[in-house]
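Inspection log for the structure reproduced underneath, given as structure tokens.
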Amino acid sequence: MGESPTIAIHTLRIDDSWRDGLPVLTGNLVQLREIAFEDAPSLHMLIASDPRVTEHISPPPATVEALQGFIAWAHQQRAAGKLVCYAVVPKGLKYAIGLFQVRKLQPDFLVAEWGFALGSSFWGTGVFEDAAALVADFAFDTLGADRLEGRSITANMRGNAALQKIGATGEAVLRSALKRGNVLLSQYLWSLRSADWHKQRTAIHDRFSAAALEDRIRSAVDEARRLQSAAAPAGKPAGDVPLHPFFVWDPGKPDDK
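Residue 2 is where the sequence shown starts when you use this note's numbering, and the numbers rise one by one after that.
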């Protein structure tokens with residue numbers, strides 16, 4: 002019997018300073034910063050209230066107050082070293098139009114899972130690819146991940162195409178993996194390996210530019226500004242808020258209502 006082949010694991014873990022607060026990540030089209038309480042009204046309008054978005058993810062916090070509870074939970078999870086949550090802020094805007102999450106599946110983030118949701122007016126603008134490249138860099142180079150997993154329901158053709166476009170590999174079909182009301186939905190399981198990402202990330206980073214997508218991005222930004230201005234401003238809650246755990250692609254529990 003021969004020995005099992007050895008698999009080299011690429012890790013470049015710098016330190017755990019991100020547990021005290023996430024660094025700002027800047028791309029060609031977007032800036033990613035830690036999700037803040039001020040993002041709750043915008044996320045309520047662009048994510049939680051848009052059925053085009055919610056049909057593809059686990060049920061999001063339904064109110065601004067619940068979203069504030071989610072944000073408080075995300076900050077707590079980051080401090081505990083279990084999860085990071087980035088707000089996606091396109092250049093020209095102040096508040097989030099979407100989010101990216103990365104959570105630990107194995108010690109030291111060796112295997113991690115990411116989830117994301119973007120306001121529908123930004124679909125097809127290149128914002129996803131620009132933000133995803135920044136998050137992948139952070140996951141592999143700072144968190145020290147070797148494998149990044151993602152899930153997308155099989156009917157979400159746009160989401161699956163987006164994962165494939167950034168180099169993720171489809172590995173499995175997860176039958177009845179996500180519960181929405183009384184319906185069980187199947188998902189594709191996608192993976193992105195650190196070694197593969199480092200071979201292709203320059204091309205991914207350079208694929209999209211603001212100039213090439215100027216008209217589409219301007220239209221999306223104008224729409225986001227209109228919706229954000231209609232949302233009541235919200236700051237940090239005066240006191241503690243009930244924590245509201247939420248991950249974009251969590252399977253529902255059997256007793257979920």
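Glycine included, C-beta positions come from ideal geometry on N, C-alpha and C.
These figures come from a predicted structure and were not determined experimentally.
- In this structure, the alpha-carbon of residue 229 lies about 16 Å from that of residue 36.
- Residue 164 places its beta carbon less than 8 Å from that of residue 191.
- If you look at residue 88, you'll find it in the beta strand (DSSP E) that goes 84-91.
- In the structure shown, residue 118 falls within a strand segment according to DSSP collapsed to helix, strand and coil.
- The beta carbon of residue 70 lies closer than 8 Å to those of 62, 242, 243, 244 and 245 in the same chain, with the five residues before and after it left out.
- Distance between residue 232 and residue 43, taken at the CA atoms: about 7 Å.
- Setting aside the 5 residues that flank it on each side, residue 252 is surrounded in the same chain by 178, 179 and 180, each with a C-beta closer than 7 Å to its C-beta; the list follows chain order.
- Counting along the chain, the unbroken beta strand (DSSP E) around residue 170 starts and ends at 170-181.
- Within a 10 Å sphere around the beta-carbon of residue 156 sit fewer than 16 other beta-carbons, which makes this residue exposed.
- Counting only residues of its own chain and dropping the five nearest sequence neighbours on each side, residue 126 has a CB closer than 6 Å to the CB of 214, 217, 218 and 221.
- Taking 8 Å as the cut-off, the beta carbon of residue 103 is found closer than this to the beta carbon of residue 136.
- Annotation for residue 101: the continuous beta strand (DSSP E) segment containing it runs 99-105.
- Looking at the backbone, the Cα of residue 143 and that of residue 166 are separated by about 23 Å.
- Out of 80, 122, 111 and 76, the CA that lies nearest to the CA of residue 98 is found in 122.
- Where residue 222 is concerned, there is no enclosing beta strand (DSSP E), although the alpha helix (DSSP H) around it starts and stops at 215-231.
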